[in-house]
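Colleague:
2 protein chains.
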Amino acid sequence: MSASMATPWKQLLLHALQTNSLLKHSSFFQLATIGADGKPSNRTVVFRGFLEETDKIQINTDLRSHKIKDIKHWPFAEICWYFTDSWEQFRINGFIDIIDGSNSDPLKLQQREKAWFASSLNSRLQYLGPDPGLPSITEDLPKDHRVDPLAGPVNSFCLLVLDPDEVDYLNLKTNMRAGYRCSSLNGVKLWSTEKINP
Amino acid sequence: MSASMATPWKQLLLHALQTNSLLKHSSFFQLATIGADGKPSNRTVVFRGFLEETDKIQINTDLRSHKIKDIKHWPFAEICWYFTDSWEQFRINGFIDIIDGSNSDPLKLQQREKAWFASSLNSRLQYLGPDPGLPSITEDLPKDHRVDPLAGPVNSFCLLVLDPDEVDYLNLKTNMRAGYRCSSLNGVKLWSTEKINP
């Protein structure tokens, strides 16, 4: 076992993203949370980059979506990210922070705004649609919604930030598997690495 | 909302499997469970077909793997299955049954044996390897393991059977989303369908 202040799995992940970059779906992963009914939930979401220079993972979502209720109830999640070209899997477990427009931290509100402007106009348009997950009322279809490219985030836009504390890496081509575990030393994240059986 | 004794989402799933059949990874999905520590777990597994003529989903796994501990502790799971070619997502929630060699039901033991013989010799070989998820001891690498093609399942081979009771279908090309929910009527599964907002 070895320990390091760098984030050893982040390099592997950046490399996998590069290797698989020709596939649109390489930025998609599955996010598992736990519902208030105690049952697991699992859905595909889009990777929106790391938060600044950290190892925290950004996801955009609708504040009205079911996953927000899950995370408010129990703020832990596991990402499963399988790269179909390089046959690599990253399982990333951590705490999730919900950043919506009511957040009291100006820095977080800035991060949310940055995430809003970084997403396409088409992506932004989705947040103007009807309540996701609710029964669809055909008479009430969204019509003529437009997004002003200069306008800031709408109320339903929400940034999720997952702060990893455990990562499991598996390479199905080389049959290599490694576990990464985070501990905190004087507020600094320290990662330990261990080779484990696939 | 409409109700039916047939399994409406199974036809959609069979169609998606056919449409995406050229992609090896179309039979892979992510299985979310909950660990004994209360945190969600999420990993890629392989679809091993429906159990006989039912809508139950079969997965092979190693009895020594961490997910078995999760499921023994809390037998609920959600599959997230994203088809990268047709842009369809199936979220399948249900109860999971663990069928290992110690099962007392002769019918279930037969199903486990069938699953063993349906998997390739290479797949079977994996169950002879060291304890998955444990630290890897390089000195103790599996060597010269061979599988007798006629021999029945080894102790570590385990069949998981997920019995769906809720399915969420999303088609990103047509933007169509539907929810399927199961209730039981005199022991017969009854599925209701509802169009929901994407």
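Chains A and B, in that order, give the protein sequences.
According to my numbering, the first sequence is numbered sequentially starting from 247.
According to my numbering, the second sequence is numbered sequentially starting from 247.
Where a beta carbon is used, it is the ideal one built from N, C-alpha and C, also for glycine.
(1) So is Leu268 of chain A buried or exposed if we call it buried at 16+ other beta carbons inside 10 Å?
(2) On the DSSP bridge list, what partners appear for Pro286 of chain A?
(3) What residues of chain B sit near Ser382 of chain A, judged by a beta carbon separation below 7 Å?
(4) Taking Ala323 of chain B as part of the beta strand (DSSP E), name the residues at either end of that continuous run.
(5) Do the region 417–432 of chain A and the region 366–376 of chain A make contact, defined as three or more Cβ pairs closer than 8 Å?
(6) Counting contacts by CB-CB distance shorter than 8 Å, is Gly433 of chain B in contact with chain A?
(7) Between Cys404 of chain A and chain B, is there a C-beta pair that is closer than 8 Å?
(8) Within this structure, are the beta carbons of Asn443 of chain B and Pro376 of chain A separated by less than 8 Å?
(9) Taking Lys270 of chain A as the reference, which of A:Arg337, A:Leu416, A:Val291, A:Cys326 has the closest Cα?
(10) My assumption, with CB atoms under 8 Å, is that Glu299 of chain A sits in contact with Lys285 of chain B. Please give the rounded CB distance.
(11) Taking 6 Å as the limit between beta carbons, can you name the residues of its chain near Leu297 of chain A, skipping five residues before and five after?
(12) Any C-beta of chain A within less than 7 Å: which residues of the region 420–432 of chain B qualify?
(13) State the Cα-Cα distance for the pair Arg289 of chain A and Val413 of chain A, rounded to the nearest angstrom.
(14) Does the beta carbon of His271 of chain A come closer than 8 Å to any beta carbon on chain B?
(15) Using only CA atoms, which one of A:Asp346, A:Phe363, A:Tyr415 lies nearest to Val393 of chain A?
(16) Counting contacts by CB-CB distance shorter than 8 Å, is Ala278 of chain A in contact with chain B?
(17) Report the rounded CA-to-CA distance for Phe274 of chain A versus Phe293 of chain A, giving the unit in angstroms.
(18) Looking at the strands, I want to know which residues DSSP matches up with Val407 of chain A.
(19) Return helix, strand or coil for Ala252 of chain A, following the three-state DSSP convention.
(20) Measure the C-alpha to C-alpha separation of Phe341 of chain B and Leu259 of chain A and round it to an integer number of angstroms.
(21) Which residues in chain B sit within 8 Å of Glu324 of chain A, going by Cβ to Cβ distance?
(22) Comparing alpha-carbon positions, which option in A:Asp409, A:Leu277, A:Lys419, A:Ala282 lies nearest Thr253 of chain A?
(23) Measuring only the C-alpha atoms, how far is Gly379 of chain B from Ile338 of chain B?
(24) Is the beta carbon of Ser287 of chain B less than 8 Å from the beta carbon of Gly295 of chain B?
(25) Using C-beta distances below 6 Å, list every residue in its chain close to Leu418 of chain A, excluding the 5 sequence neighbours before and after it, in chain order.
(26) From which residue to which residue does the alpha helix (DSSP H) around Glu359 of chain A run?
(27) What residues from chain B crowd round Gln335 of chain A, counting only those whose CB sits closer than 7 Å?
(28) Any heavy atom of the ligand HEM inside 7 Å of the beta-carbon of Leu436 of chain A?
(29) Considering only their Cβ atoms, is the gap separating Arg423 of chain B from Ser438 of chain B smaller than 8 Å?
(30) Pull up the distance between the alpha-carbon of Gln257 of chain B and that of Gln276 of chain B, whole angstroms please.
Modeller: In this structure, then:
(1) As a first step, residue 268 of chain A must be located in the first sequence, where it is residue number 22. With fewer than 16 Cβ atoms within 10 Å of its Cβ, Leu268 of chain A is classed as exposed.
(2) The residue labelled residue 286 of chain A in the question sits at position 40 within the first sequence. DSSP lists A:Ile280 as partners of Pro286 of chain A.
(3) Taking the first sequence and counting its residues from 1, one reaches residue 382 of chain A at position 136. Chain B residues near Ser382 of chain A: Lys441, Ile442, Asn443.
(4) What you label residue 323 of chain B is simply residue 77 of the second sequence in a count that begins at 1. Where Ala323 of chain B is concerned, the enclosing beta strand (DSSP E) stretches over 322–329.
(5) no
(6) To locate residue 433 of chain B, count along the second sequence from 1; it is residue 187. Chain A contact via Cβ: absent.
(7) Start at 1 with the first residue of the first sequence, and residue 404 of chain A comes out as number 158. With 8 Å as the cut-off, Cys404 of chain A does not count as an interface residue toward chain B.
(8) Here residue 443 of chain B is taken as the residue at index 197 of the second sequence, counted from 1. Here residue 376 of chain A is taken as the residue at index 130 of the first sequence, counted from 1. Yes, the Cβ-Cβ distance between Asn443 of chain B and Pro376 of chain A is below 8 Å.
(9) Mapped onto the first sequence, residue 270 of chain A falls at position 24. Comparing Cα positions, the closest option is A:Val291.
(10) As a working mapping, residue 299 of chain A is identified with position 53 in the first sequence. As a working mapping, residue 285 of chain B is identified with position 39 in the second sequence. Under the criterion of beta carbons closer than 8 Å, Glu299 of chain A and Lys285 of chain B do not qualify as touching, at roughly 26 Å.
(11) Here residue 297 of chain A corresponds to residue number 51 of the first sequence, with the count starting at 1. Counting only Cβ-Cβ distances below 6 Å, and skipping sequence neighbours, we find Gln304, Val407.
(12) Interface annotation for the region 420–432 of chain B against chain A: empty, criterion Cβ-Cβ distance under 7 Å.
(13) Position 43 of the first sequence, counted from the first residue, corresponds to residue 289 of chain A. Position 167 of the first sequence, counted from the first residue, corresponds to residue 413 of chain A. Whole-angstrom Cα-Cα distance: 19 Å.
(14) Against the first sequence, residue 271 of chain A aligns to sequence position 25. Closer than 8 Å to some Cβ of chain B, the Cβ of His271 of chain A qualifies, so yes.
(15) Residue mapping note: residue 393 of chain A aligns to position 147 of the first sequence, counting from 1. Comparing Cα positions, the closest option is A:Phe363.
(16) In the first sequence, counting from the first residue as 1, residue 278 of chain A sits at position 32. Cβ-Cβ to chain B under 8 Å: yes for Ala278 of chain A.
(17) Taking the first residue of the first sequence as 1, we reach residue 274 of chain A at position 28. Taking the first residue of the first sequence as 1, we reach residue 293 of chain A at position 47. Between Phe274 of chain A and Phe293 of chain A, the C-alpha separation is close to 6 Å.
(18) In the first sequence, counting from the first residue as 1, residue 407 of chain A sits at position 161. Val407 of chain A is bridged to A:Gln304, A:Asp343.
(19) As a first step, residue 252 of chain A must be located in the first sequence, where it is residue number 6. If DSSP states are grouped into helix, strand and coil, Ala252 of chain A belongs with coil.
(20) Along the second sequence, read from residue 1 onward, the residue named residue 341 of chain B stands at position 95. Along the first sequence, read from residue 1 onward, the residue named residue 259 of chain A stands at position 13. Rounded to whole angstroms, Phe341 of chain B to Leu259 of chain A spans 33 Å at the Cα level.
(21) If you number the first sequence from 1, residue 324 of chain A lands on position 78. What Glu324 of chain A touches in chain B: Ala278, Lys285, Pro286, Ser287, Asn288.
(22) Your numbering for residue 253 of chain A matches position 7 in the first sequence. Answer by Cα proximity: A:Asp409.
(23) The residue labelled residue 379 of chain B in the question sits at position 133 within the second sequence. The residue labelled residue 338 of chain B in the question sits at position 92 within the second sequence. Spanning the two alpha carbons is a distance of roughly 26 Å.
(24) If you number the second sequence from 1, residue 287 of chain B lands on position 41. If you number the second sequence from 1, residue 295 of chain B lands on position 49. Contact flag unset, no.
(25) If you number the first sequence from 1, residue 418 of chain A lands on position 172. Excluding residues within five positions, the ones whose Cβ falls inside 6 Å are Trp333.
(26) Residue 359 of chain A sits at position 113 when you count from the first residue of the first sequence. Glu359 of chain A -> alpha helix (DSSP H) spans 352–364.
(27) Translated into positions along the first sequence, residue 335 of chain A becomes position 89. Going along chain B in sequence order, the residues near Gln335 of chain A (Cβ under 7 Å) are Thr290.
(28) Questions concerning the ligand HEM fall outside what the structure shown contains, since it holds no ligand whatsoever.
(29) The residue given as residue 438 of chain B occupies position 192 in the second sequence. The residue given as residue 423 of chain B occupies position 177 in the second sequence. No, the Cβ-Cβ distance between Ser438 of chain B and Arg423 of chain B is not below 8 Å.
(30) Locating residue 257 of chain B in the second sequence gives position 11, where the first residue counts as 1. Locating residue 276 of chain B in the second sequence gives position 30, where the first residue counts as 1. One C-alpha to the other measures close to 20 Å.
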